[in-house]
Amino acid sequence: MQYSFFNIVFLAIALSSSGAIANAKPIGSADQQDIEAQPVSRCASANPNRNPNTQTVGAAYVITNGSNGNKVVAMDIGSDGLLSSVNTVDAGGNGAHGADTTFGPGPLFSQGAVTVNDANNILVTVNSASNTVAMFNIDPTDPSNLSAVGSPVPSGGEFPVSVAINKKGTVACILNGGQVNGVNCFTVDKTKGLVAKPNTLRSLGLIQTTPPTGPAGSVSQIIFSDDESKLFASVKGASSTPGFVATWDISPADGSLSAQPVKSTSANGLEPFGMSPIPKTNALLVADASAGFDVFDFGSSKASSKASSASTTSISGQGATSRVAFSPKIGNFYLSDPVTSLITELNVDKNLKGTVVKQHALQDASSAPLDLAVATIGGKDFLYVLTGNTTSVDVLSLTQAGAAQSVDVFNFGTALQTGEFSTALAFNLQGMAIFMC
């Protein structure tokens, strides 16, 4: 079915159903012997946090996506997991809001609008209205300090909405969602910036507009497979036409992409949104805004791309389950729903069966949670959730399966709400990326 995120009154829902997973160990959860000692932070000793009671161990980033200038917003993460300080840097272009029936939070209809890489100390983000992509170096001793590398480059299409970076931080791929839609990849040059990579510009062939009409029928996210042999892009369906996950093979010789994608659909799913690889498998957990979540199983990772087997599981009472993050310590997935303002925790077992563990209510029942990411600090995972309506980041401490304690609601918007931001900031914010020193 089609939906509009914000044409209904937000519901104050605080479900506490706890579908316990009996005798099931989450896929990808860390055994105690697998947990290595935490490395000394590169920035903790060199850069005392602006909060004198803790030290900086990383940073969280979102973008303003403003029509009069897109900015990257950087917030320090302390050794206690809490956020402090607000720093901004121009992204070198403008943002825009997708065309939907209401003008509400979640403007790009996507996940991954800003992405970082710890191995190469870089951040890459989109300027949706300018059809460009910008790259920044991250100072590992002061991660809120970003410096532009080169100039923003054309994305290879219209209305870029999502970025994927490989593990080494040497390749960045972009998902374009406008009238000219598809994917395009770049080589990361630490001096020049992003350099177009030959034979990677590929069309999705969607009938769309610029800005895109959505959320239904729009593109969602781009990610690499865990072994980086494939590139995935999720696309939402509309009306009775199901969405799909597009898969391109990546050449091990030169990084080029297969000429045409293989498209996989789920019989009962309609709007695939945010994606996350399921550890130790060749499968994806995909939020589905029309139903709940999908699991796409691609079989052998060594084989050329083929249509996956897929299943869809409904989430009771969901409004628009959209974005997803994985906790390596807990071994569970966390999905955001901007309509109900709930975070749904999922377990996926060894048979790729997904089950709802618990639904966690945020402090503000109308906060509209969007992008989210997990960081491991001092051996414990924290979940960082961008909440559009409150221009804040909600921080949840993940202590065990089914337990997510709210420890902070950091309202960075109060530092930005001047001029154009005063009326448009809440509706334009997008993205969530975490860099750890």
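Under mature numbering (1 follows the signal peptide of the UniProt record, and there is no 0), read the sequence shown as residues -24 to -1, 1 to 413, first letter to last.
A virtual CB, placed ideally from N, CA and C, is assigned to each residue, including glycine.
Here the structure is a predicted model, which is why all the values come from computation and not from measurement.
Asked	Found
Compute the beta-carbon to beta-carbon distance between phenylalanine 274 and proline 248, rounded to the nearest angstrom, for a pair I have assumed lies under 8 Å.	In fact, because the Cβ distance is near 14 Å, the residues do not count as touching under 8 Å.
Looking at the secondary structure, which residues open and close the beta strand (DSSP E) in which histidine 336 lies?	330 to 337
Would you mind listing the beta strand (DSSP E) stretches within the segment 66 to 95 that are 3+ residues and don't spill past its ends, in chain order?	90 to 93
Hey, does glycine 275 have any beta-carbon neighbour from chain C nearer than 9 Å?	Of the chains in the structure shown, none is chain C; there is only one protein chain.
Nearest to serine 388 by CA position, among Leu372, Val48, Gly34, Cys19, is which residue?	It should be pointed out that residue 388 corresponds to phenylalanine in this sequence rather than to serine. Cα-wise, what sits closest to phenylalanine 388 is Val48.
Run through DSSP, which three-state label would alanine 400 get?	helix
In the DSSP assignment, find the unbroken beta strand (DSSP E) run with aspartate 270 in it and report its ends.	268 to 273
CB valine 332 to CB leucine 348, shorter than 9 Å?	no
Along the chain, where does the beta strand (DSSP E) containing aspartate 225 start, and where does it finish?	220 to 225
Under the assumption that asparagine 41 contacts leucine 405 (Cβ atoms under 8 Å), give the Cβ distance between them as a whole number of angstroms.	7 Å
With a Cβ-Cβ cutoff of 9 Å, do valine 184 and glycine 213 count as a contact?	Per the sequence shown, residue 184 should be read as glutamine rather than valine. Contact flag unset, no.
Could you tell me the alpha carbon to alpha carbon distance between leucine -10 and alanine 337, rounded to whole angstroms?	Caution is warranted here: a pLDDT of 35 is assigned to leucine -10, below 50, making its placement in the model unreliable, and the coordinate value is therefore given only provisionally. When rounded, the distance between both Cα atoms is 7 Å.
Taking all protein chains shown into account, do 16 or more other C-beta atoms lie within 10 angstroms of the C-beta of glutamine 381, making it buried, or fewer, making it exposed?	exposed
Mapping DSSP to helix, strand and coil, what is alanine 283?	coil
Figure out for me which residue from Asp264, Val315, Val125, Thr146 has the closest Cα to the Cα of valine 211.	Asp264
Given this structure, state the Cα-to-Cα distance separating asparagine 97 from serine 216, to the nearest angstrom.	43 Å
With the cut-off set at 9 Å, would you say serine 292 and valine 361 are in Cβ contact?	no
Would the beta-carbon of leucine 177 fall within 9 Å of that of glycine 158?	yes
Count the C-beta pairs between the segment 69 to 76 and the segment 187 to 204 that are closer than 8 Å, then say yes if the count reaches three, no if not.	yes
Would you say the segment 360 to 380 touches the segment 49 to 67, given that touching needs at least three Cβ pairs under 8 Å?	yes
State the Cα-Cα distance for the pair leucine 59 and serine 86, rounded to the nearest angstrom.	24 Å
Are the beta-carbon atoms belonging to glutamine 335 and isoleucine 319 less than 9 Å from one another?	yes
Just the Cα atoms here: how many angstroms apart are glycine 132 and aspartate 270?	29 Å
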